[in-house]
Amino acid sequence: MTFTRSRFLASLAALAAAPFSSGARAQAAPYPRKSVSVIVPYSAGGPADAMARQLQPALQKALGGTVIVENVGGAGGSLGVNRVLAPPTDGHAVLLASPMDLVLAPLTMSAARYQPEDMQLVGMIISTDLILLARKGLPASNVSELIALAKRGKLSYGSVGQGSLFHLAAEQFSKRAGIEMIHVPYKGGGPLVQDLMGGQIDLAFFPLAGPTLGAIQADRIKALALASTTRHPLLPQLPLVSETPGFGEFSYDIWGALGVARSTPPEVSAKLHAALVETLGQPEIRKLLESAGPRVPRPAPPDEVDRLYRQEIQRYRQLAQQAGIKPE
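Residue numbers for the sequence shown follow my numbering, beginning at 78 and rising by one.
Next up, the structure:
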């Protein structure tokens, strides 16, 4: 199955909260009234953490208030989502969101006591492909050699949790290759990459974002193939997984977005949306994000963002069902 996304930029999701009266608006305190926490639902050092810290200075300036980055990792990202959904949902805690924590976590973890519809997307930030990475010393330089090696003995692969996209991509890869691998879950991408560079695990499907490209270029990890429909301009010699026989249409990509609880006041969501649009409209910010591999999507109207988010919810629910994923 192919998992590609429309390339779209920061936009408001449709709001379910009832509008305030004009009198309530007049009495409402200006936003932000205190510091705004961008909650990264994974440990420090991974692509999501790097993205949040790249955005923080410009987002802070656009909002006109203090913005801090806070890592709340664990349980497939659900701990971070729960932190944003906890009262008061007044926009002072926002989520650096992805489909893994918003959609897959509640499908795979009984401890995630929320549904993706409980959140709304303030706007999209990036979309990026997954890349098949290997530890530097692994005696395989392409997918075919990797499969041959795995058939002689089990290899290990890392993910950021049971049911995460990284986990599902690796499981689909194993099925197509006719191999078995050992799953090693982590609380975030940072520890995963550190262990991959240190040789503690053999493989990982991981986003081409944050520190990934730099680690490849520094020869600290090996890039074996890209899980995409087209080659990447920053790694033009890197083959596609789908170019290996038996792996046609093997494509996985992932988006990053800014999200808040759907019960957040509309005027607060509107200000966050405007601040994100202003931030992503700065050429230096776009260049910084895209230099690591992701795409920064173009603007889209609010109804399209909400429609696409709802499509993503259904897409990932279908993926989890096909993979036989159940809550644990």
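Cβ coordinates follow ideal geometry from the N, Cα and C atoms, glycine included.
Predicted model only: the values in this text are computed from it and were never measured.
Rounded Cβ spacing between residue i and residue j (contact assumed at less than 8 angstroms)
i      : j      : result
ALA125 : TYR119 : 5 angstroms
PRO213 : ARG297 : Per the sequence presented here, residue 213 reads as Lys, with Pro not at that position. Indeed, because the Cβ distance is near 7 angstroms, the residues count as touching under 8 angstroms.
ALA300 : LEU140 : The Cβ separation is near 37 angstroms, so there is no contact.
ALA211 : LEU312 : Actually they are not in contact, since the Cβ atoms of ALA211 and LEU312 sit about 14 angstroms apart, beyond 8 angstroms.
C-beta atoms of residue i and residue j nearer than 8 angstroms
i      : j      : result
ARG208 : ALA304 : Just to set this straight, residue 208 is Ile in the shown sequence, not Arg. Cβ distance < 8 angstroms, so ILE208 and ALA304 count as in contact.
LEU349 : VAL171 : yes
ILE256 : ILE278 : no
ALA129 : SER155 : no
MET196 : GLY336 : yes
THR205 : PRO310 : no
VAL146 : VAL115 : yes
ALA400 : GLU248 : yes
Straight-line gap, residue i to residue j (C-alpha atoms, nearest Å)
i      : j      : result
ASP167 : GLY142 : 15 angstroms
GLY230 : GLY265 : 27 angstroms
MET258 : SER236 : 12 angstroms
ARG387 : PRO183 : 15 angstroms
GLY291 : GLY370 : 10 angstroms
ARG49  : GLU222 : This structure cannot speak to residue 49, because the chain is shown only from 78 to 405.
PRO378 : LEU215 : 46 angstroms
GLY151 : GLN271 : 17 angstroms
LEU242 : PRO322 : 23 angstroms
PRO96  : ALA338 : Note on PRO96: pLDDT 37, under 50, position unreliable in the model; the coordinate value appears next. Going by the C-alpha atoms only, they are around 15 angstroms apart.
ALA135 : LEU173 : 15 angstroms
ALA87  : PHE324 : Because the pLDDT at ALA87 is just 34, under 50, the model does not fix this residue reliably, and the value given afterwards should be weighed accordingly. In a straight line, the C-alpha of ALA87 is about 33 angstroms away from that of PHE324.
Coarse secondary structure for residue i, derived from DSSP in three states
i      : result
SER251 : helix
GLU326 : coil
TYR108 : coil
ASP272 : helix
GLY267 : helix
ILE362 : helix
GLN294 : helix
THR205 : strand
MET196 : strand
ILE145 : strand
VAL117 : strand
ARG372 : strand
VAL337 : strand
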